[in-house]
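Novice: To start, I am sharing the structure in question, which I have written as structure tokens.
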Amino acid sequence: MILTLDIGNTNIKTALFEGPEMVQYWRLSTDITCTSDEYGVKLLTLFNHAGLSTSVVEGIIISSVVPTINFTIDHMCQNYFHMTPMFVAPGVKTGINIKYENPRELGSDRIANAVAAYEEYGAPCIFIDFGTATTFGVVGEGGSFLGGCICPGIKLSSEALVNNTAKLPRFELTRPEHVIGRTTLTNLQSGMFYGYVGLVRNIVRKIKQELGCEATVVATGGMAVMIAEESNAIDKLDGLLTLKGLRLIYERNKEQK
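Quick note on our numbering: the sequence shown kicks off at 625 and runs consecutively.
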């Protein structure tokens, strides 16, 4: 089985795959203060809870947007799984043509998303990852990653609003019944939710205009479901998009490894 880890700014998403089938899925908090032993014990506990032995793991592949944690996770894999993990980095075969001006600047999670989006949904395809940052990516005909855009995630935006104002309260991110709120709470919820829905609609519309054709829009990440229900701009929801892409990249580099 292949263990995949997607290290984000807020969470580490991890899944165990047997071939293309996902066997198990877990989430951990991203914490740069944790040691390799602490992460190792956490993963051992999750494996034990699922009735699995770490010996079933034949390979590990990682995408990370938190460079300061990579050394810790690398050592955790070596000490607890007895193998060196593969990191998505320059030189790794992806099966797609990256047309970024400087491919080294491109987040490894976005590369994994592009690989999975092209494999699962074809091209042209627009993928949206609702994480700490919300990222849009575009895969063109023939599997070329054309680029995209990045904006603050909805949770990050709401936290910035509350933290930088004196009187606005913390609020739950939910879909309000009305755009015209009658309390400060519903005003905040309405502005954040419907403003973000409008952002998604407009960016998808502008991307399609630049492509000059229709494209399948696939979304992943924590807020994807809530935004998809209202925006009508998203065709597919795939919560495992990044992890699927990691598995595909591992398979394409297995012989080389």
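Glycine included, every Cβ here is placed at the ideal spot set by N, Cα and C.
Starting from the Cα of P691, find the closest Cα among V680, F705 and D655 and give me that residue.
Specialist: Comparing Cα-Cα distances from P691 to each of V680, F705 and D655, the minimum goes to D655.
Novice: What residue does the beta strand (DSSP E) around D753 start on, and which one ends it?
Specialist: Unbroken beta strand (DSSP E) run through D753: C749 to F754.
Novice: I'd like to check one pair, A839 with A747: are the Cβ atoms closer than 9 Å?
Specialist: It is a contact, given that the beta carbons lie within the stated cut-off.
Novice: Specify the secondary structure class of L785 as computed by DSSP and reduced to three states.
Specialist: In the structure shown, L785 sits in a helix (DSSP, three-state: H, G or I).
Novice: I need the DSSP call for N703, collapsed to helix, strand or coil.
Specialist: Three-state DSSP puts N703 in a helix.
Novice: I'd like the span of the alpha helix (DSSP H) that includes G643, first residue to last.
Specialist: Taken as a continuous stretch (DSSP letters only), G643 belongs to no alpha helix (DSSP H), as it is neither H nor E.
Novice: Helix, strand or coil for G845 per DSSP?
Specialist: Strand, per DSSP.
Novice: Can you name, in chain order, every residue of its own chain whose Cβ lies under 6 Å from the Cβ of I722, other than the five neighbours on each side?
Specialist: Here the set comprises F769.
Novice: Name the two residues that bound the continuous beta strand (DSSP E) containing V762.
Specialist: Run containing V762: A757 to G764, per the beta strand (DSSP E) assignment.
Novice: Based on Cα-Cα distance, which residue from C749, Y820, D753 and L780 lies nearest to I831?
Specialist: Comparing Cα-Cα distances from I831 to each of C749, Y820, D753 and L780, the minimum goes to C749.
Novice: Would you list the one or two residues that DSSP bridges to K860?
Specialist: Per DSSP, V842.
Novice: Just checking my contact of I827 with F751 at CB under 8 Å: how many whole Å lie between their CB atoms?
Specialist: 12 Å between Cβ atoms; not a contact.
Novice: With DSSP as the reference, identify every bridge partner of M710, one or two as the case may be.
Specialist: Its beta-bridge partners are I685.
Novice: If we define contact as Cβ-Cβ less than 9 Å, is V680 a contact residue for chain B?
Specialist: Going by chain labels, chain B is absent from the structure shown, which holds only one protein chain.
Novice: Name the one or two DSSP bridge partners that L629 has.
Specialist: According to DSSP, which records beta bridges pairwise, L629 is partnered with T638 and I686.
Novice: To the nearest angstrom, report how far apart T807 and D753 are at their CA atoms.
Specialist: Their Cα atoms are separated by approximately 31 Å.
Novice: I'd like to check one pair, D698 with T866: are the Cβ atoms closer than 9 Å?
Specialist: Taking 9 Å as the Cβ cut-off, T866 and D698 do not qualify as a contacting pair.
Novice: Note down the Cα distance separating N726 from Y742, rounded to an integer number of angstroms.
Specialist: Their backbone Cα atoms lie some 21 Å apart in a straight line.
Novice: Where T696 and F705 are concerned, what is the direct C-alpha to C-alpha distance, given to the nearest angstrom?
Specialist: Each residue's Cα considered, the two are about 14 Å apart.
Novice: Among L676, K779 and E834, which residue has its Cα nearest to the Cα of Y820?
Specialist: For the residues L676, K779 and E834, the minimum Cα distance to Y820 belongs to K779.
Novice: Smallest Cα separation from S855: which of A843, D862, F671 and L864?
Specialist: If we check each option's Cα against that of S855, A843 comes out closest.
Novice: Need the endpoints of the beta strand (DSSP E) that I774 sits in, please.
Specialist: Looking at the DSSP string, the run of the beta strand (DSSP E) that includes I774 is S768 to P776.
Novice: So which of L652, P793 and I626 has the shortest CA-CA distance to G683?
Specialist: Here the closest residue by C-alpha is I626.
Novice: Are the CB atoms of P776 and A790 nearer to each other than 9 Å?
Specialist: No. Outside cutoff.
Novice: In the structure shown, what three-state DSSP assignment does S653 receive?
Specialist: Strand at S653.
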